[in-house]
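Here the structure comes first, spelled out in structure tokens, and everything after it is commentary.
Number of protein chains: 2
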Amino acid sequence: MSPERVPLCLDLLPALRGEDTTKSFFQELVNILLSYVCKSFRRSSKVLDFHHPHQLREGLEGFSLELPDQPENLEQLLVDCRDTLKYGVKTGTVRAVDCFAENVPKMYYRFTYEVSPVFILMEEILLRKMQEIVGWSEEEGDGVFCPGGTMSNLYSVLLARYHFFPEVKTKGMTALPRLILFTSAHSHYSVKKSAAVLGIGSDNVVVGCVPFYVNATAGTTVYGAFDPLNAIADICESHGLWLHVDAAWGGGLLMSKRHRVKLQGIERAWSVTWNPHKMMGAPLQCSAILVKKRGLLKDCNQMCAEYLFQTDKHYDTSYDTGDKTIQCGRHVDVFKLWLMWKAKGSEGFESQVNKCLENAEHLFDKLKQRPDFELVFKSEPEHSNVCFWYIPPSLRNMSPGPERNRRLHEVAPKIKAKMMEQGMAMIGYQPLGDKVNFFRCVFSNPATQTEDVDYLLEEIASLGHDICIRTETDL
Amino acid sequence: MSPERVPLCLDLLPALRGEDTTKSFFQELVNILLSYVCKSFRRSSKVLDFHHPHQLREGLEGFSLELPDQPENLEQLLVDCRDTLKYGVKTGTVRAVDCFAENVPKMYYRFTYEVSPVFILMEEILLRKMQEIVGWSEEEGDGVFCPGGTMSNLYSVLLARYHFFPEVKTKGMTALPRLILFTSAHSHYSVKKSAAVLGIGSDNVVVGCVPFYVNATAGTTVYGAFDPLNAIADICESHGLWLHVDAAWGGGLLMSKRHRVKLQGIERAWSVTWNPHKMMGAPLQCSAILVKKRGLLKDCNQMCAEYLFQTDKHYDTSYDTGDKTIQCGRHVDVFKLWLMWKAKGSEGFESQVNKCLENAEHLFDKLKQRPDFELVFKSEPEHSNVCFWYIPPSLRNMSPGPERNRRLHEVAPKIKAKMMEQGMAMIGYQPLGDKVNFFRCVFSNPATQTEDVDYLLEEIASLGHDICIRTETDL
Chain G
1 MSPERVPLCL DLLPALRGED TTKSFFQELV NILLSYVCKS FRRSSKVLDF HHPHQLREGL
61 EGFSLELPDQ PENLEQLLVD CRDTLKYGVK TGTVRAVDCF AENVPKMYYR FTYEVSPVFI
121 LMEEILLRKM QEIVGWSEEE GDGVFCPGGT MSNLYSVLLA RYHFFPEVKT KGMTALPRLI
181 LFTSAHSHYS VKKSAAVLGI GSDNVVVGCV PFYVNATAGT TVYGAFDPLN AIADICESHG
241 LWLHVDAAWG GGLLMSKRHR VKLQGIERAW SVTWNPHKMM GAPLQCSAIL VKKRGLLKDC
301 NQMCAEYLFQ TDKHYDTSYD TGDKTIQCGR HVDVFKLWLM WKAKGSEGFE SQVNKCLENA
361 EHLFDKLKQR PDFELVFKSE PEHSNVCFWY IPPSLRNMSP GPERNRRLHE VAPKIKAKMM
421 EQGMAMIGYQ PLGDKVNFFR CVFSNPATQT EDVDYLLEEI ASLGHDICIR TETDL
Chain H
1 MSPERVPLCL DLLPALRGED TTKSFFQELV NILLSYVCKS FRRSSKVLDF HHPHQLREGL
61 EGFSLELPDQ PENLEQLLVD CRDTLKYGVK TGTVRAVDCF AENVPKMYYR FTYEVSPVFI
121 LMEEILLRKM QEIVGWSEEE GDGVFCPGGT MSNLYSVLLA RYHFFPEVKT KGMTALPRLI
181 LFTSAHSHYS VKKSAAVLGI GSDNVVVGCV PFYVNATAGT TVYGAFDPLN AIADICESHG
241 LWLHVDAAWG GGLLMSKRHR VKLQGIERAW SVTWNPHKMM GAPLQCSAIL VKKRGLLKDC
301 NQMCAEYLFQ TDKHYDTSYD TGDKTIQCGR HVDVFKLWLM WKAKGSEGFE SQVNKCLENA
361 EHLFDKLKQR PDFELVFKSE PEHSNVCFWY IPPSLRNMSP GPERNRRLHE VAPKIKAKMM
421 EQGMAMIGYQ PLGDKVNFFR CVFSNPATQT EDVDYLLEEI ASLGHDICIR TETDL
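Going down the list, the protein sequences come from chains G and H. The first sequence begins at 1 in the working numbering and counts up one residue at a time. The second sequence begins at 1 in the working numbering and counts up one residue at a time.
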């Protein structure tokens, strides 16, 4: 693949500059890690070099935690990695016997500032950036990175319930009226799951007695559709309901001036789920729940375990985020997103999102022109999801009806099975509502080119054609 | 550090064999990753090489997923890493447009077998191994890796509630009587947090109306104490209560023939939380919830999102674990534990656990002999937690009482602050119940030597002595 074809900012790895650059970049990373590891094993090395939150935020010795608009170069990224290790706590050293320190030097334990100073600040800065992009003011906003979008959505229901009925924390649901959540038919199943887990009951999603929560989806899983956020916000406002926007999939579009219009009104949400591990390409897991009202996360979740969260420490303990979360220790999901942001800049994310949506538009245009495919929706895709059927020769002249549907339903699984055995491409399918099995193409890899999209269509067509010939009688 | 001092199996990294071995091991890993990355970018490379679950389980071309008792050598570990990549799905390839495939080649998306064949089998094998160690029969047992012990404990409460009241899933807590959970005063705060999150209410932990769940702790956070599991199991059995054992911290002792006696009766639990990221040294996050009754996880959590979990696929879809979990996509927590198990073998874990407890015994013996320290408990430590006060000269002759307590309470925070500023060691402290601030030493790093323990004591004594002189009048 030639280096000119794709701008560098489209990928975190420098692979597109050629294998040699990639190799030396990795080599340097290995050297940084090795010197860190070897140092940690030495008894003479310090466990940490303590700095107060404001000192780290201000940028010690040029180590800036702020997120750039333009990409940094590879050399600066290596410096960032070195600094991240330098200002972190060497929990792997033999003399760190605090709170279950671990035996491999690493950067994972993080519920108090003293143990994870750098990552706690990175999280704060990333959440603030995301809130700013969502459109909340400086005075508003709290949040936390979660193990996946389902957990982020669960947080939103949990917080909404607590906001309206704080007694639920100690008394339980027994003390509450029957609660009702509103959501759309195509919203992610995590809304129902949250209701089940939280003891609200999945039946109470949609209809019922005391409405308190409305989930609006920005980018549904299958169709990539966007709920009309402003219209929903108007209703929520007039009834005093909690508005949650599940932008797990659609949140990435906020990075694009061209596409963020689809999420107009998101700034009116009380909480937002946004998964950088989807459209923004961060390695899983990387999901954030953003909460407009400050302090609620803490009030709702804190258990004041004084043996973990002492308040008589010598630094600002509001930076000990552990008591805001459902979890205790957490995986560091922020570093990779922070480093990606350094590597790509906000503008890199923007061009990456635009590129994926252009691929979807290209596929949509192609499908419109072909007689062997049929679009599930005739309207332009809102996100990068494109849904369609392959129509085998034997079905092309059949009139719509149950028999055609029954046959069409079997086409996608057969093509997919064949495709998996060949292993040359991968595409999902599903039925939905009254629609029989259809293919769903989702673009989130900016390295995918229009020629790859064309290849995929040809592949489906050739496998489909083939299958239909061989199984003509079954179908 | 000389290579003879610590057996190789005590550490995943080959650092103890010297920096050159470490370097070439890393170099090889980089080469493996580079060739994987470069291959993924080529359009001619396959997205996957499909194999059915039974084929992978049986060990293709010598790739064995089974967990050894004795450590494998470094060369074999590299082969294991290469095979793991080889049989995984290259979700980073430009032609994988299924279910939000990502733009950096990696191994993270895993709720169905087709996307994560290797990791799903690794999880099955690890869970089975852990269940066997817990003492459950071949016919019993299910489980899942969770983002931390709090989530594992939350699962146990969720499942217990569902087991006794399956209608809660759809109707919510409104349809249920007031539920009561039993736990001990020193259990982890996640039990209370689970009750709050699940809508049971934290007040309903301990006393109340319809008891359904008993949490027994194997290794408390502060003291490392073990609840008498058999006695608790007897009571649970006679009353038909769900017995959960929170062995997040104590579970590691199951690996040791010498120490596993402390968890006698754990095989009678209905569910067990066990965090390999604690005593077994796996990088965070790595926590498992083990559930004795098969099928319950799925019944309790599945939402049958047919657009994600199609049942008309061409392989055994019982390997699609995504619908058993609260989360949707999950981080791959199993690979690191699996690789550690290969590197250390069961026996490596055993000697590592024994080593940590020997350090605790050494510290306990030292403390008994010194006049400037006082043990919180006079009895031998059960786990690797050792709790103690440093007694400054000015307090040594004071009689017990409120005034001495008031002063003693200030000693630990002052020593800790000083220690953090110097950065040479790290130790935690907390008050608990009627006990004023005391230090807690926890050993989980097998590289820690008795000389490090001695160093730590001297360090505390010298900082404490110093502080007391300078602040004599305040104290």
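No residue lacks a Cβ here, since even glycine has one placed at the ideal position from N, Cα and C. Here the structure is a predicted model, which means the values were calculated and not measured.
Would you mind reading off the limits of the alpha helix (DSSP H) that contains residue i?
i: E119 of chain H; result: Going by the sequence as given, residue 119 of chain H is Phe instead of Glu. Unbroken alpha helix (DSSP H) run through F119 of chain H: P117 to V134.
i: S156 of chain H; result: G149 to F164
i: E374 of chain G; result: It is not in any alpha helix (DSSP H) - E374 of chain G instead sits in the beta strand (DSSP E) that spans F373 to L375.
i: K79 of chain G; result: It should be noted that the sequence gives Val, not Lys, for residue 79 of chain G. Here the alpha helix (DSSP H) through V79 of chain G covers L74 to Y87.
i: K169 of chain H; result: V168 to K171
Quick one: is residue i near chain G, going by C-beta distance under 8 Å?
i: K262 of chain H; result: no
i: I497 of chain H; result: With chain H represented from 1 up to 475, any question about residue 497 of chain H goes unanswered, as that position is not in the structure.
i: N215 of chain H; result: no
i: H51 of chain H; result: no
i: P413 of chain H; result: yes
i: S202 of chain H; result: yes
i: K39 of chain H; result: no
i: V197 of chain H; result: yes
i: V79 of chain H; result: no
i: P147 of chain H; result: yes
i: Q27 of chain H; result: yes
i: R82 of chain H; result: no
i: K435 of chain H; result: no
i: M122 of chain H; result: no
i: K169 of chain H; result: yes
Would you mind reading off the limits of the beta strand (DSSP E) that contains residue i?
i: I289 of chain H; result: S287 to V291
i: L297 of chain G; result: It is not in any beta strand (DSSP E) - L297 of chain G instead sits in the alpha helix (DSSP H) that spans L296 to N301.
i: D142 of chain H; result: D142 to C146
i: T273 of chain G; result: S271 to W274
Look up residue i in the DSSP assignment and say whether it is helix, strand or coil.
i: H465 of chain G; result: helix
i: L229 of chain H; result: helix
i: G201 of chain G; result: coil
i: P14 of chain G; result: Any reading at P14 of chain G must be qualified, since the residue scores a pLDDT of 45, below 50, and its modelled position is unreliable; the value itself is stated next. Correct three-state label for P14 of chain G: helix.
i: L56 of chain G; result: helix
i: S184 of chain G; result: coil
i: L367 of chain G; result: helix
i: L48 of chain G; result: coil
i: S194 of chain G; result: helix
i: L179 of chain H; result: strand
Check whether the Cβ of residue i lies closer than 8 Å to any Cβ atom in chain H.
i: E4 of chain G; result: Summary for E4 of chain G: the model assigns pLDDT 35, below 50, so the residue's position carries little reliability; its value from the coordinates is reported in the next sentence. No - not a single Cβ of chain H is within 8 Å of the one on E4 of chain G.
i: I32 of chain G; result: no
i: R370 of chain G; result: no
i: I460 of chain G; result: no
i: E380 of chain G; result: no
i: D312 of chain G; result: yes
i: L23 of chain G; result: It should be noted that the sequence gives Lys, not Leu, for residue 23 of chain G. Judged by the 8 Å Cβ criterion, K23 of chain G is in contact with chain H.
i: Y324 of chain G; result: The amino acid occupying residue 324 of chain G in the given sequence is Lys; Tyr does not appear at that position. So no, K324 of chain G is outside the interface.
Considering only the beta carbon of each residue, do residue i and residue j sit closer than 8 Å?
i: H188 of chain G; j: A233 of chain G; result: no
i: E486 of chain G; j: F145 of chain G; result: Chain G is shown from 1 up to 475; residue 486 of chain G falls before or after that span and cannot be answered.
i: L456 of chain H; j: I427 of chain H; result: yes
i: V386 of chain H; j: L357 of chain H; result: no
i: L241 of chain H; j: P211 of chain H; result: yes
i: I200 of chain H; j: G199 of chain G; result: yes
i: E361 of chain H; j: P381 of chain H; result: yes
i: H51 of chain G; j: A417 of chain H; result: no
i: S444 of chain G; j: S394 of chain G; result: no
Can you tell me whether residue i sits near the ligand NAP, meaning its C-beta is under 7 Å from at least one heavy atom of the ligand?
i: L67 of chain H; result: The ligand NAP is absent from the structure shown, which contains no ligand whatsoever.
#### Entry: 4 or more residues per run - each alpha helix (DSSP H) lying fully within the stretch 314-353 of chain H
none
### Message
Restricting to runs no shorter than 4 residues, where is the alpha helix (DSSP H) found entirely within the stretch 383-447 of chain G?
### Response
402-422
#### Entry: Completely contained beta strand (DSSP E) runs for the stretch 213-269 of chain G, where each covers 3 or more residues
242-246
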